[in-house]
Structures are given as C-alpha cells and as structure tokens.
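J.: Going by my numbering, the first residue of the sequence shown is number 170, and it counts up by one from there. Ideal Cβ placement from N, Cα and C applies to all residues, glycine included. Quick one: this structure, given as structure tokens, is what I'll be asking you about.
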Amino acid sequence: MTPAQPRSRGHSRPTLRDVARALQVSVATVSNAYNRPDQLSGELRDRILTAARDMGYPGPNPLARSLRRGKTGVIALVYDAPLNYAFADPAASLFLGTLAATIQTQGLNLLLLACPDSTEPVRAASVDGFIVYCSAEQSELLGTVLARALPTVLVEQRPRPGTSQVGIDDLQGAQEAARHLAELGHTHIGILPLEITKDYCPDPVTPQREAGTNSLTTARRFQGYRQGAPQAHFHILETAQNTPQEGEERARELLTRYPQITALLCMSDVLAHGALNAARSLGRRVPQDLSIIGFDDLPSSEPLNLTSVWQPTADKGRQAGEALLAQLAGDSPSTVTLPTRLVVRGTTGKTGGRS
C-alpha cells in the first residue's frame, strides 16, 4: 500500500472512496473500519483510520448512515416547558436519569426537546420515537408528536390510539392526602396547584377555571382532593412555576387572603418546601396552626419531616423507557399505572381550632 497524502485546503472534502483509492483497498474495507471493526484486523483498521485522518476525511456522514439504516439511534424526550425544567425540577430530573439509563441498555441516545412556544423542534427532529412528559391535553405540541406517527410513549396523559401510556395513580394519592386532613378535623383547606392552563392567572381559582384545566395530572388531583374531603371548603391559588420561591410567595398570599385555612395541599414537594417557609414567616406553627402535605416524596422531603404523597418517579422513567423499547421491537403499545401512597410525617396534625 502506498502512503496516503493529506489533501491541500484547496481540494474538495475527501470521501470514503478517496481513502479506499489511496490505500488500494475496497470501499467496503474502509466502511468496515468505521461500522464493523470486528471484520478487520487491528493493524489494518488503525492504518485506515490514520490515513483517513491525515487526508482530512471525518468519517461517514451520520445522517446519511441513519437514512440507509432507517434508524437514528436517538429517542426524543419532549417537554412543554423550558429546557432547564428537566434539570431544575427534582422529580423531572429523577425521571430523566432512569429513562436515559434504560434506553442506553440498547445503545440508544436521548435528545431533549424543550417546546414551550414552538413545535418546530418536534417537526424537525430526526429520531426513532418520542416520549412526551406531561404535555397539556389537546395541545399543538402533542398533536405534532402524534402526527409524526413514530413509536410514542405519553407520560401522565390521556390514552391516544397507537401510543403507550405511563402514569401514576394521582386520584388515589390525592384522595389519601385530603382524607388524612379531614380525619384530623380540617375543614378549610388551601390548594397550591401547578399552572392550570397555559394562560396563568394570579387570582383565586374559580370553579370554571378548575373545570377547564388542560392538565390530566392536575384534574385528577383536584378530583381526588374533593373526594377525599367532601365536606371541606377549598381555597385555591395556582402557581406559575414549580419552585420553592413560588410556593412560598403563593402560600403566603393564600394564607393571608384566607386566614381560616388550617391545612395546605401542595401539588409538589417543591411547592411544599416553599409553603413551610411561608408559614414560618407568618408565625404559623407547623403542624399546630397549619398542616402541610406535598406530592412526590422527594429525597429532600424526609429531612424536612414533610408529609407527602409518594410516587415512584424513578420507576416511572424506567417504565417509559421500557415501553418505548418494546414498541421499537414491534410490540403493541401498553398502559402502565404505578401506585402512590401517603407518607405521614410531622407536618400534619389535628386542627388547632381555626376551621
């Protein structure tokens, strides 16, 4: 074989065929060096890769290769939220970690698509399938994903034909939480939900607005709260973001507006962490003056002694990954509903007589 000569900058980009010609080997042999290294001796593969590098050949075009194979090796996780949500929200981060670990067992990679304002990333994504994490019902984003007609898993969504669903028993968890408060004697209960619709409203939530929520998770939890404490009076302020700061601000406003409230149901532990700060700033003792319940039972909640509805967030990520892998393997779509349970700790107690 004659040594390969590097190309000057004035020449066009070298191709796989150029490398084969320079080394006097077949095009298939050069291709094997990149795609089927077990077909070549180590010495021959090293020689090919060295020559290709010297010539400025970067390797096979990934897009062209995926088109030939009909597979990209990439799965898209779609958020109806800014990208930092996947890392800033502890529950979303747990979900993401186990999902990634599951699909990587099959050599697949994960693409995060944050689509709070545009569906173009979904339309343009070169992927083998989608996992949609808590998108609003009937949203344009969800419609765009379904229109791609690729293997799809919906997380915390209503069933759609041809898709798999993975979710938790939100109704049962919310019922247990509200029933616990009712049994402790609470009759005026505040609720801090996440954003009810895309058009956030800072005012107290009306029955009409509650009925119009486009989040399946929020709708089921409202239903569960009311079923668990049918005699209670509920006072609701929605939150714009799932942060401790937002939980503190909105809890303080809710407790100031409705001082008769003796218990708070927070739709995430993150909001509940903020509510604990609000109670402290208002001089409301927990649980003597105010009981607080979160939802998720994050690892950070046990040190705070927070009563919370536990959900298997990590297992939800694993189940979503396995459901998509099954579809890619040709299996029919499936539905998985994971259990929830109330974990009672020190932030709930009998009403102090305010209700």
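Pull up the DSSP beta-bridge partners for residue 388, would you.
T.: Taking the first residue of the sequence shown as 1, we reach residue 388 at position 219. DSSP lists no partner for residue 388.
J.: Checking the sheet assignment: what are the DSSP bridge partners for residue 355?
T.: Position 186 of the sequence shown, counted from the start, is the residue given in the question as residue 355. Per DSSP, none; premise fails for residue 355.
J.: Tell me, please, whether the segment 270-290 touches the segment 238-247 by the rule of three or more beta-carbon pairs shorter than 8 angstroms.
T.: yes
J.: Does the segment 336-351 come close enough to the segment 407-424 that 3 or more CB-CB pairs lie under 8 angstroms?
T.: The answer is no - the segment 336-351 does not touch the segment 407-424, with fewer than three Cβ pairs under 8 angstroms.
J.: Suppose the cutoff is 7 angstroms on Cβ atoms and the five residues either side in sequence are ignored; what does the same chain contact list for residue 314 look like?
T.: Translated into the one-based positions of the sequence shown, residue 314 becomes position 145. So the qualifying residues of the chain are 247, 291, 299, 301, 321.
J.: Please report the straight-line C-alpha distance between residue 194 and residue 281, rounded to a whole angstrom.
T.: Position 25 of the sequence shown, counted from the start, is the residue given in the question as residue 194. Position 112 of the sequence shown, counted from the start, is the residue given in the question as residue 281. A direct Cα-to-Cα measurement between residue 194 and residue 281 gives close to 41 angstroms.
J.: Compare the Cα-Cα distances from residue 335 to each of 516, 504, 511 and report the closest residue.
T.: On the sequence shown, position 166 is the one that residue 335 refers to. The option with the nearest alpha carbon to residue 335 is 504.
J.: Quick one: using the 10 Å Cβ neighbour count with 16 as the cut-off for buried, is residue 391 buried or exposed?
T.: Here residue 391 refers to the residue found at position 222 of the sequence shown. Label assigned to residue 391: buried.
J.: Mind pulling the alpha helix (DSSP H) runs of 4 or more residues that sit fully within the segment 191-247?
T.: 196-204, 211-224, 231-238
J.: Just how far apart, CA to CA, sit residue 208 and residue 295?
T.: By one-based count along the sequence shown, residue 208 stands at place 39. By one-based count along the sequence shown, residue 295 stands at place 126. Looking at the two C-alpha atoms, the distance is approximately 29 angstroms.
J.: Which full runs of the alpha helix (DSSP H) of 4+ residues lie inside the segment 438-501, going along the chain?
T.: 438-450, 482-497
J.: Which residue from 332, 264, 370 puts its Cα closest to that of residue 410?
T.: Stepping through the sequence shown from its first residue, residue 410 is reached at position 241. Considering only alpha carbons, the answer is 370.
J.: Answer yes or no: do residue 255 and residue 261 have a C-beta to C-beta separation smaller than 8 angstroms?
T.: As a position in the sequence shown, residue 255 is number 86, starting the count at 1. As a position in the sequence shown, residue 261 is number 92, starting the count at 1. For residue 255 and residue 261, yes; Cβs fall inside 8 angstroms.
J.: Alpha carbon to alpha carbon, what distance is there between residue 482 and residue 319?
T.: Within the sequence shown, residue 319 is the residue found at index 150, counting from 1. Within the sequence shown, residue 482 is the residue found at index 313, counting from 1. If I take the Cα positions, the gap works out to 25 angstroms.
J.: Tell me which residue opens and which closes the beta strand (DSSP E) that residue 369 is part of.
T.: By 1-based counting over the sequence shown, the position of residue 369 is 200. Note, residue 369: premise wrong, no beta strand (DSSP E); not H, not E.
J.: I'd like to know if the segment 472-489 and the segment 357-365 are in contact, where contact means that at least 3 CB-CB pairs between them fall below 8 angstroms.
T.: no
J.: Are the beta-carbon atoms belonging to residue 472 and residue 331 less than 8 angstroms from one another?
T.: Here residue 472 refers to the residue found at position 303 when the sequence shown is read from its first residue. Here residue 331 refers to the residue found at position 162 when the sequence shown is read from its first residue. In this structure, residue 331 does not lie closer than 8 angstroms to residue 472 by Cβ.
J.: Would the beta-carbon of residue 465 fall within 8 angstroms of that of residue 437?
T.: Here residue 465 refers to the residue found at position 296 of the sequence shown. Here residue 437 refers to the residue found at position 268 of the sequence shown. In this structure, residue 437 lies closer than 8 angstroms to residue 465 by Cβ.
J.: Pull up the distance between the alpha-carbon of residue 183 and that of residue 263, whole angstroms please.
T.: Residue mapping note: residue 183 aligns to position 14 of the sequence shown, counting from 1. Residue mapping note: residue 263 aligns to position 94 of the sequence shown, counting from 1. For residue 183 and residue 263, the distance between alpha carbons rounds to 44 angstroms.
J.: Rounded to whole angstroms, what's the CA-CA distance from residue 378 to residue 250? Just pull it up for me.
T.: As a position in the sequence shown, residue 378 is number 209, starting the count at 1. As a position in the sequence shown, residue 250 is number 81, starting the count at 1. Distance between the alpha carbons of residue 378 and residue 250 is about 21 angstroms.
J.: Could you have a look at residue 267 and say whether DSSP puts it in helix, strand or coil?
T.: Reading the sequence shown from its first residue, position 98 is the one you call residue 267. Looking at residue 267 - three-state DSSP - the assignment turns out to be helix.
J.: I believe residue 344 touches residue 396 by the beta-carbon criterion, under 8 angstroms. Please report the beta-carbon distance rounded to the nearest angstrom.
T.: The residue labelled residue 344 in the question sits at position 175 within the sequence shown. The residue labelled residue 396 in the question sits at position 227 within the sequence shown. About 5 angstroms separates the beta carbons of residue 344 and residue 396, which is inside the 8 angstroms limit, making them a contact pair.
J.: Whole angstroms are fine: how far does the CA of residue 514 sit from the CA of residue 414?
T.: Taking the first residue of the sequence shown as 1, we reach residue 414 at position 245. Taking the first residue of the sequence shown as 1, we reach residue 514 at position 345. Their Cα atoms are separated by approximately 23 angstroms.
J.: What do you reckon, are the CB atoms on residue 470 and residue 477 nearer than 8 angstroms?
T.: By 1-based counting over the sequence shown, the position of residue 470 is 301. By 1-based counting over the sequence shown, the position of residue 477 is 308. Against a cut-off of 8 angstroms, the Cβ pair of residue 477 and residue 470 comes out as a contact.
J.: Please name the residue, chosen from 517, 427, 496, 488, that lies closest to residue 456 on a Cα-to-Cα basis.
T.: For the purposes of this step, residue 456 is identified with residue 287 of the sequence shown, where counting begins at 1. It is 517.
J.: Would you mind stating whether residue 253 and residue 305 have Cβ atoms separated by less than 8 angstroms?
T.: Residue mapping note: residue 253 aligns to position 84 of the sequence shown, counting from 1. Residue mapping note: residue 305 aligns to position 136 of the sequence shown, counting from 1. In this structure, residue 253 sits away from residue 305, with a CB-CB distance that is not shorter than 8 angstroms.
J.: Going by alpha carbons, who is nearest to residue 389 out of 439, 368, 286, 326?
T.: Translated into the one-based positions of the sequence shown, residue 389 becomes position 220. Checked all of 439, 368, 286, 326; the closest Cα to residue 389 is 326.
J.: Quick check: residue 349 and residue 431, are their CB atoms within less than 8 angstroms of each other?
T.: For the purposes of this step, residue 349 is identified with residue 180 of the sequence shown, where counting begins at 1. For the purposes of this step, residue 431 is identified with residue 262 of the sequence shown, where counting begins at 1. Not closer than 8 angstroms, so no.
J.: May I have the straight-line CA-CA distance separating residue 227 from residue 218, to the nearest angstrom?
T.: Locating residue 227 in the sequence shown gives position 58, counting from the first residue. Locating residue 218 in the sequence shown gives position 49, counting from the first residue. Whole-angstrom Cα-Cα distance: 10 angstroms.
J.: Can you give me the C-alpha to C-alpha distance between residue 387 and residue 185, rounded to a whole angstrom?
T.: Residue numbering aside, residue 387 sits at position 218 when the sequence shown is read from its first letter. Residue numbering aside, residue 185 sits at position 16 when the sequence shown is read from its first letter. Going by the C-alpha atoms only, they are around 55 angstroms apart.
J.: Count the other CB atoms within 10 Å of the CB of residue 174; is the residue buried (16 or more) or exposed (fewer)?
T.: As a first step, residue 174 is located in the sequence shown; it is residue number 5 there, counting from the start. A caution first: residue 174 carries a pLDDT of 48, below 50, which makes its placement in the model unreliable, though a value can still be read off. With fewer than 16 Cβ atoms within 10 Å of its Cβ, residue 174 is classed as exposed.
J.: I need the straight-line Cα distance from residue 520 to residue 286, nearest angstrom please.
T.: Along the sequence shown, one-based indexing puts residue 520 at 351. Along the sequence shown, one-based indexing puts residue 286 at 117. Roughly 44 angstroms between the two C-alpha positions.
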